[in-house]
Each structure stands twice: as C-alpha cells, then as structure tokens.
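First the structure, in the form of structure tokens, and then the observations on it.
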Ligand code: ATP
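In our numbering, the protein residues as written are 151 to 738.
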C-alpha cells in the first residue's frame, strides 16, 4: 500500500476534531487498506508500532532527526533548526524544507506503508553504541524517497508527536462500519479489545475472520486485559442505595494495581495502564509461582509497601522508590511489599470474566495459597450501614484508603468503569471529598526557597470528547523540598519549545510541558471560572470550572497515562454532587 494514501488521510484527520468526520475519514482509509497491512495502519494511526504493552518505543531524539533531514536534503542543520523554531513542529519544518528541495531534484521511488513500518521497527529495535548512526541512516533513506507530506508524517511518528486525536472507540466505530456495515457491532469489537488490549489484532481479526472471528476472540495469556474500574460514592448511605441489600466489601489498599500473568515459573506483570512492570518486582517473580495452584492464571492484586516489623501498610509513595532502572535489588529489600490478591480473570486456559464475584472470589482463595508475601485482600459481606462503617474503620486503621464495594452476582467487566464496583474513601465524606488526578501541563519558576524548581504547576483534566487537556488550576501548595526537586527532575526533560496542541489553556506559563505526568491533588471546592478551560461552556456560557485551594497530596501517579487522568465528566459529577450537599443538610 502506498504510504501517500496514509499521509493524505493523516492530513485530513489533522484538520478536524469532529468525531463523525474522523470516523468517516477512517472508514475511507480502511476501505483502501489491503488485509495484510490493516494492523500496521491501526497502530500507526495511534503513533505506535505495536500495542503499548509490548513496550516498543521509537525514542528518536529531535537532534538526530534534524541531522537526518540535513543529510537527505543537503541543507545545514542550523537552517533546519531555524525553520523548526518558527513552526514548533519538526515534521512541518521538514516538509517546508523538503518542498524547496523537491523543486530541484527528482523523487526516486514511491514508498510503501510496509517499507515505512519495517524501517521504523528496525529503528526501534536498534541498541548499542553504533545505533545512533544506523538510525540516522535509516531515517534519511526514508526521507530521501518521501515527498514533503510523507516526510512530515514519518518524522511525527518517529518523534512521537503524531496526535490525530483518534480515540480507540472511534477506530472501533470505523472498523465496525467498514467491515460489518453496522456501527452497532462496535460492542462486539469492544469486548475483543478489552480482553486483548491490542487494537491492531482486533482489526486484523475482523478483516480476515469477520464478526464471527471477533465473537470467538478470547483472552490470551501474557496479553493484558483492560482493567475494570469503580465509580465513587461519598457516603455509606449512597453505597447502600446503589448496591442493594448485600454486597462484598474489600479494603481499598493504597498501592499499585498489578495484573499478574503466571504459567509455571514464567510471570509477567502489567500496571493499571497496561505497561509491563515485571522488572520493578523481582520479588513477585521469585515468590508468587510457589503460591499458585494452577497451570496458568491471570490475577489482579494490589502491591503495597509494608513496614516489615509491624506488617502495617505504608502509603503509595513508598512503593514509587522502586520505579528505577538500576539497583532495583536494593530497593526491593529497602521497600518490602505484600501482594494482596483481589481478583482472578483466567485460570487453566479458561476465562473467569463471566463468573460472578462470589465464584471468582472462591476460586481466587482456592488457587492462591496465602503466606507472608501473598495475601487475599481482606473482604467481608456487608448488609447495612453499620457493617460498612465498622469495616471502613478497620480498613483505615490498617492503613488503607477506604473500601471497594462489589456486587456479588456480577461478572468482571473488563475495560469499563461501571456501578458493579464502587469505591468509598474516607475523605469523600468531607469538603469536595475526592482527590483528582491531574496532568501537569505548565510550570512557573519558583522564587526564594524554590528558586531552581517549578514553584507552581499548571494542571489540566482530560477532555475525552476532544482528546485535549483542559486547564483547571494552578497548584503551589503541598510540595516538600524533596518533591519539588523530584518534580523538577521529571518535568525538566518534558519542556517543549511550543505548547502542545492538545493543551487547552489561556494561561501564560513560564514553560510548557508535554502533557504526560499525572499528579494527585485535593481541593476545597469546584467553582466557575472565567479563565480555566475544563468543562468550558457546559455549565455556564463563557465559563469553565476551576479548583479552589488545590493542594498536591505528594502522590505522583506514575502508573497513570495522561489519558487516565480525571476527566471533565468526573469533574462535572463532583461539581454537581457538591451543589447537592450545599442544598441539603450537609451544608458546611
Ligand atoms: P484511584 O485514583 O481511586 O486509585 P483509579 O482511577 O486508579 O482510582 P479506580 O477503579 O477508580 O481506579 O479505583 C480502583 C483502584 O483502587 C484500582 O485501580 C486499584 O489500584 C486500587 N484497589 C485497591 N484495593 C482494591 C480492591 N480491593 N479492589 C479493586 N481495586 C483496588
């Protein structure tokens, strides 16, 4: 398939944010796509080469790309940098430069999607001392044969700046329309995606095996399943109202969610955002197989740092000391954990997703043998408010965040945040209650004690409809010297020359960051705001929502991608909930 077809589609898609239009462009593209390249096209649309969980990163630095453009165009790097500074987009700059060049030279040969994909794959796999030179060679060979538009997209994919704003659901809508003639079949595709986390494979299956193939799509061991998430409730009353007369109540431990795939001695771990995290937990790899009484399983657990002497659960931050590439063995002994199992998704070659909670829990207790390291998460069946209050009290005393409430007769709904699971945190019961996970989009340099760090950060929610990050507050409190330092180290490499187009903010920050890091904040209230862009025009015309008195809780949510941050929908729910309290008897 000619790469120019894909480049033209990218170009059209970049010009719109409207979901219907995007879907239409995608359908047109899929209809032109031969079977054997469909999965590649689906990955490339998302700026990837393979599903996220395989961890294949292109990782090409701007400097290297500039050298490659220079090599293939004969134009000095200085001139390219100048053009880049003007447009803020290297893909765009390359296209302008190559346009000048193509007026004087001939194009050599058409490039195909297959060739671009394979070359990018080779680049991603290169390692070692000579890799930089080899990467440059590969890039410039592609650029040599690319027309300006193609070159601009090749560079965007290489640099990770291709942002078409296409949500997975939109891709699935388009696949359903193009290959089954009916958008409603998206639901079937969605199930396949939820159990495989691999949209390319889903696309390939519908193209080669039709809907029948998709319906048969099952769990594949060592491919992560998209996690089931919980809705929040603010009080025991609300929980009873939503859950009925009898339900399970588990500790909500404050650690890292881990999805464990185990077969014999082989163990692979995935984080909440389905990143492979096997390397951070050598202790799990070593100890867990001994506790498992099955040939193969997929389990979910919360890994929690503990005080070894008292067995007490420690806060999430402690665990984050393990997020390092080197000397992990030392971190393992310094920050010991327990693994607290709460679900079983697959066992001895069969899915457990369709089993109800009761049956899953029973199976889990049978399959995972408890010891000092592997535990079943504390659970009890509750029937009334009093039961919840007592269990909540116990859980908080043990160092947990609150409770997870789960319906007894319901299956595991992969990939969805539904009402079968609810979370009740202690702090929900006062003020705004819930914490928010926000994306750091901008920074302001600190003064005085904070010189040399970002004293204040500009934060954003995720707008799912537009796939943008909308500003909601500035936060300057809650930072320790240590956290300011840590944040600076993390954020400094994310500074961009130009504001990322997915950032929606009218503020003037000192620096803009790639919207990637998620941190947790609490606030006293949500108010209407003339400046901030979160929930703009939805509650009131020309107003957005902002957090009042926001405070950093000290938690950097490394395990969350920017798209997993609190959404504008969630902020609307909190805003409305807060109004209800204000009108009712809970008025402070
Ligand atoms: P939060 O910010 O509250 O952690 P989240 O968006 O990460 O929320 P939710 O589904 O809203 O995800 O909350 C569930 C999270 O709580 C899980 O991702 C998991 O890490 C953690 N957790 C702790 N204990 C349990 C439990 N018993 N059952 C399920 N999840 C648990």
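Glycine is no exception: its CB is placed at the ideal position from the N, C-alpha and C atoms.
Here the structure is a predicted model, which means the values were calculated and not measured.
With fewer than 16 neighbouring CB atoms inside 10 Å of its own CB, residue 601 falls in the exposed class. A residue is called buried when at least 16 other Cβ atoms come within 10 angstroms of its Cβ; residue 387 does not meet this threshold and is exposed. Setting aside the 5 residues that flank it on each side, residue 478 is surrounded in the same chain by 429, 430, 432 and 472, each with a C-beta closer than 8 Å to its C-beta; the list follows chain order.
Taking 4 residues as the shortest admissible run, the segment 353 to 432 contains the following complete alpha helix (DSSP H) segments, listed from N- to C-terminal end: 386 to 393. Taking the C-beta atoms as reference points, residue 700 is found no nearer than 8 Å to residue 589.
Burial state of residue 562 is buried, judged by a 10 Å Cβ sphere holding 16 or more other Cβ atoms.
At a cut-off of 7 Å, the beta-carbon of residue 380 counts as near the ligand ATP: some heavy atom of the ligand is closer than that. Between residue 406 and residue 421, the C-beta gap is smaller than 8 Å, which places the two residues in contact. The segment 531 to 544 and the segment 346 to 358 do not touch, with fewer than 3 CB-CB distances between them shorter than 8 Å. When the beta-carbon positions are compared, residue 712 and residue 619 come within less than 8 Å of each other. No heavy atom of the ligand ATP is found nearer than 7 Å to the CB of residue 449. For residue 553, the enclosing beta strand (DSSP E) begins and ends at 552 to 556. Relative to the ligand ATP, residue 587 has its C-beta within less than 7 Å of a heavy atom. Checking the DSSP bridge columns, you'll see residue 623 partnered with 609. Looking from the CA of residue 576, the closest CA among 164, 614 and 402 belongs to 402. Across the structure, residue 672 and residue 515 are spaced so that their CA atoms are roughly 36 Å apart.
Here the alpha carbon of residue 690 sits roughly 18 Å from the alpha carbon of residue 654.
Contact between residue 266 and residue 187 does not hold, since the beta-carbon distance rounds to 11 Å and is not under 8 Å. Inclusion of residue 694 and residue 705 in the CB contact set at 8 Å is not warranted, their separation being larger than that value. One thing to note: residue 199 has its Cβ within 8 Å of the Cβ of residue 206. Contact between residue 489 and residue 438 holds: CB atoms are separated by about 7 Å, below the 8 Å threshold.
Rounded to the nearest angstrom, the gap between the Cα atoms of residue 321 and residue 195 is 9 Å. Residue 524 sits in a strand when the DSSP states are folded into three classes. At a cut-off of 7 Å, the beta-carbon of residue 401 counts as near the ligand ATP: some heavy atom of the ligand is closer than that. The closest CA to that of residue 644, considering only 392, 499 and 668, is found on 668. Contact annotation: the segment 311 to 318 does not touch the segment 273 to 284, with fewer than three C-beta pairs closer than 8 Å.
Taking the Cβ of residue 520 as the reference point, every heavy atom of the ligand ATP lies at 7 Å or farther away. Secondary structure of residue 509 (DSSP, three-state): helix. A contact between stretches requires three or more CB pairs, one per stretch, nearer than 8 Å, and the segment 494 to 508 meets this requirement with the segment 445 to 455.
Around residue 374, the same chain offers 203, 347, 409, 411, 420 and 424 as residues with beta carbons nearer than 8 Å, after the five sequence neighbours per side are excluded. Bounds of the alpha helix (DSSP H) holding residue 538 are 535 to 547. Taking the Cα of residue 604 as reference, the smallest distance to any Cα among 531, 571, 638 and 379 is reached at 638. Here residue 343 is not bridged, per DSSP, to any residue.
Rounded to whole angstroms, the separation of the alpha carbons of residue 236 and residue 623 is 29 Å.
When DSSP states are grouped into helix, strand and coil, residue 231 belongs to the helix group. A direct Cα-Cα distance of roughly 42 Å separates residue 661 from residue 337.
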